[in-house]
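> Each residue of the sequence shown is one higher than the one before, starting from 20 at the first, in my numbering.
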Amino acid sequence: MGGGWCQVVLILSGTWLVVRCFVGLCPWRLFPTIRPTGLDLVRVLFGAPSIPLSPVNPFSLSQLAKLWEQQKAQIIPGLRAIGITSLAVAGLVIGVKQVGGWQPLELRIYDWMVRQRPEAPPDPRILIVGITESDIRDLGRVTPSDADLAEAIAILEAKNPRLIGLDMHRDVPQAPGRDALLQVLRSPRLITITNLGETELDRIPPPPNVSPERVGFNDVPVDQDGIVRRNLLFASTETETFYSFALRLAIAYLEEDGISPQPSPDAEDVLQLGQAVFHPLTLHSGGYERLDDRGYQILLDYRTRRQVAHTVSLHDVLTDQVPDSLIRDRIVLIGTTAPSSKDLFFTPFSPAEVEVARRPGVEIHAQMLSQFLSAAMGDRPLFTFWSNTQEWLWIFVWALTGGTLAWLVRNPIFLGVTGAGLLGTLVGFSLTMFNTAHWVIVGAPAIATFLSMGTVITYRAQQAQQQQKMVMKLLGQNTSPEIANALWQSRDHLLESGKLPGQRLVATMLFTDIKGFSRISEKMPPEELLLWLNEYLAAMTEEIQQHQGIINKFTGDGLLAVFGVPMPRLEAREVDQDAHHAVSCALAMRRRLQELNKGWKTIGLHDVQMRVGIFTGPVVVGSLGGRDRMEYGVIGNSVNSASRLESCMKDRQVDSCRILIAQETLQHIQNDFEVESWGLMELRGKDQHIHVYRVIDYLGMPKDVPDSPTPPNGTASSDAHQALEPEEDRRSEAIADA
């Protein structure tokens, strides 16, 4: 994919993913009553308390303030966690960056961005004469003789090039033709090379009798990974300053157009050539860290992947097959292009090249020369970089973005998709900047983003574990998945206060007890008693969990289960559902008890009977206890009523599992269950009589054979329903009263 399309796709896809994520988190998506206009948002941001919003339903700023009071327990800890994490992660990433830890990654990304840039056509100001493998075979030697070079230069000179650059060492004679070569090298249009090397002993001198103004060094700066990314303009010793081969050619070429090197008006030690100001690379330019910035270096701007200029062979020149138009007024570079040559270099394009991974040195010098000429003419800008401070801020912004995203988005798939969108936005932005000659780092901010995301996710996991321990401490382990999910939605209240806040709500209580447990326990050894009792309680607990109830407490052989806590029910149908769950749970307990009795009978134990009392009404729930011991409490007359229902008329054990409910529960379960009325009864500890019903089974189910005759005052369930007022408004009033 071309560089332009690549960056467009990256930016658009990344931006869409990020925007899609945050749109899903907008307040007006969470609170559908809000429909703010653009003007409304301005009013909220800049303050206009007397001007209301424009919602579908009225939603004033005072309601927003109330909403803030409700949500700040979640928002403030989040802001604190995001801020601390972002600062810590940014500091860590910046510290590693300063010691060069991210340089290999940044340079790899730089190479990739170089490959995405649109390629320019071959430079029409340059011609390359390459010594190819075919030339070597024709000449019968690795390097041309002085005579062959002299002849080729003479042919080229006759066709009026502007300059000729000889990228071949001729400090040692290559017989025959030494004198002829030295003669043509006196031409003012010819630039030759020297090699400075690492030490004085490594230095290769230029050809003899060539003035210093027509000599440039051909040393190429190579990064630690062997790739050429920099362009060296000057190199200095204590006594002498050397110009690069490409810079000598560029200056000589531009002088004929009236352009000469000048100090920059802003800094005398900065070179200006035509329209270009060549700011040297520093220790921390772009993705570089601890750069060997000796000499005067800039970032090499590769014009194209392969053919930087039109190329002909030495054989073409010697046989006069090169048209005059390809030579006239051009810079002609002569150098070896044969793959067997040692003068080959890796470039940012090399990782994507299969056949030719390394490029000849003469082509590298042509790239450098083309960069000088294009920059001086204003055709291609030179690369610029952000300052250290700007890069640090850039890293912090992305750390903050990643941390914020990880805090807001709880769905792991959505978080992964949006994280990919963030990365696409970062890469797309940096690639766009790169195509306009601005190198903006990618690796360090990307690492900061995902490291910040990972840190916040880890913090949230630890927080969730802490909250889970607190919830389990308050509610025990007997919580259904549905209730656990509801608790999870309010977990921030737990973490903020360390307890569940007290609240009044409508719930359905279910009490159970084993008939004659004291007599049974006296006949069993302690070990067997506990095994038997735990088997019974485990079965009952399982049914309660499956019917979305919570075990509030165990009372020896009995237990209290609550349906409808800890999250308040906002609609009457939800209270109906809780009551339905409780009665269904009691019927399921009956079936489980029958199964248990069959098993116990095979090992010589007697049948067990149990009683269940169910009551629906207002209760107060919340954390009870002190710092060292705390539990989830459910208190109120409704709890007492359920307990009294379970224990009333103990001798009236109609079947193995007697289920009694009050009218307050019956009005919520409608016609789903078959019941019989036991009439008005005065429960122990209650001033008022309540109407009691026994639950037989689901409507339409075959009746169980009772263990004792049906009470003579029992009536059909339809009679019981006629005495009730199950209108919706009565249910709503019950919720409102709570």
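Cβ atoms here follow ideal geometry from the backbone N, Cα and C, with glycine treated the same way.
Please classify Y717 as buried or exposed, where buried requires at least 16 neighbouring CB atoms within 10 angstroms.
Y717 is exposed by the Cβ-count criterion.
> Assuming contact is defined by CB atoms lying nearer than 8 Å, are V459 and W411 in contact in what I supplied?
Result no, Cβ atoms of V459 and W411 do not sit closer than 8 Å.
> Determine, using beta carbons only, whether Q316 and P240 come nearer to each other than 8 Å.
Against a cut-off of 8 Å, the Cβ pair of P240 and Q316 comes out as a contact.
> In the structure shown, what three-state DSSP assignment does M668 receive?
Here M668 sits in coil by DSSP.
> Since R713 sits in a beta bridge, which residues does DSSP pair it with?
The partner list for R713 (beta bridge, DSSP) reads L679, E695.
> Please classify T260 as buried or exposed, where buried requires at least 16 other C-beta atoms within 10 Å of its C-beta.
Under this definition T260 is an exposed residue.
> Starting from Q409, trace the alpha helix (DSSP H) in both directions and tell me its first and last residue.
Residues 407-427.
> Is the stretch 307-316 in contact with the stretch 249-258, if contact means three or more CB pairs nearer than 8 Å?
Verdict: yes, contact present.
> Give, in chain order, every unbroken run of the alpha helix (DSSP H) that is at least 4 residues long and sits entirely within the stretch 585-659.
Taking only runs of at least 4 residues, the alpha helix (DSSP H) segments lying wholly in the stretch 585-659 are 591-621.
> I'd like the list of long-range same chain contacts for G473, defined as Cβ closer than 6 Å, with 5 residues on each side in sequence excluded.
Taken in chain order, the list of residues that qualify is empty.
> Just curious, the beta strand (DSSP E) that P379 is in, first and last residue?
Here the beta strand (DSSP E) through P379 covers 377-379.
> May I have the straight-line CA-CA distance separating V148 from D244, to the nearest angstrom?
One C-alpha to the other measures close to 29 Å.
> Within the same chain, show all residues whose beta-carbon is closer than 6 Å to that of V653, passing over the 5 residues directly before and after it, in chain order.
Here the set comprises N571, V581, V638, V640.
> Between the stretch 108-116 and the stretch 339-357, can you find at least three pairs of beta-carbon atoms closer than 8 Å?
Output reads no: the stretch 108-116 does not touch the stretch 339-357.
> Could you check whether the Cβ of I223 sits closer than 7 Å to any heavy atom belonging to the ligand HEM?
Looking at this structure, you won't find the ligand HEM or any other ligand, since it has none at all.
> Specify the secondary structure class of A139 as computed by DSSP and reduced to three states.
Coil, per DSSP.
> Over what stretch of residues does the alpha helix (DSSP H) that includes F368 continue unbroken?
Unbroken run through F368: none, as it is neither H nor E.
> In its own chain, which residues sit with a C-beta less than 7 Å from the C-beta of R5, not counting the 5 before and 5 after it?
Beyond the ends of the chain as shown, which are 20 and 757, falls residue 5; an answer cannot be given.
> At which residues does the alpha helix (DSSP H) containing H334 begin and terminate?
That run of the alpha helix (DSSP H) goes 333-337.
> With DSSP as the reference, label Y478 as helix, strand or coil.
In this structure, Y478 counts as helix in the three-state DSSP scheme.
> Answer with buried or exposed for G568, where buried requires no fewer than 16 other C-beta atoms within 10 angstroms of its C-beta.
Buried, by the Cβ-count rule.
> For Q281, report the span of its beta strand (DSSP E) as first-last.
It spans 280-282 - the beta strand (DSSP E) in which Q281 sits, taken as one unbroken run.
> Output the distance between the C-alpha atoms of F365 and R248, rounded to the nearest integer angstrom.
One C-alpha to the other measures close to 9 Å.
> Am I right that M608 and M528 are in contact with their C-beta atoms under 8 Å? What's the rounded C-beta distance?
The Cβ separation is near 15 Å, so there is no contact.
> Taking C-alpha atoms, which residue in M629, V336, R671 lies nearest to T531?
Checking every option, the nearest Cα to that of T531 belongs to M629.
> For A201 and L337, I'd like the C-alpha separation in whole angstroms.
At residue 201 the sequence reads Leu, which differs from the Ala that was named. Using only the alpha carbons, I get a separation of about 18 Å.
> Buried or exposed for T213, going by 16 or more other Cβ atoms inside 10 Å?
It counts as buried.
> If you run the structure through DSSP and keep just helix, strand and coil, what is W121?
Residue state, collapsed to three classes: coil.
> Is the Cβ-Cβ distance between L352 and A269 less than 8 Å?
Contact flag unset, no.
> Quick check on H523: does DSSP put it in helix, strand or coil?
The amino acid occupying residue 523 in the given sequence is Arg; His does not appear at that position. Strand.
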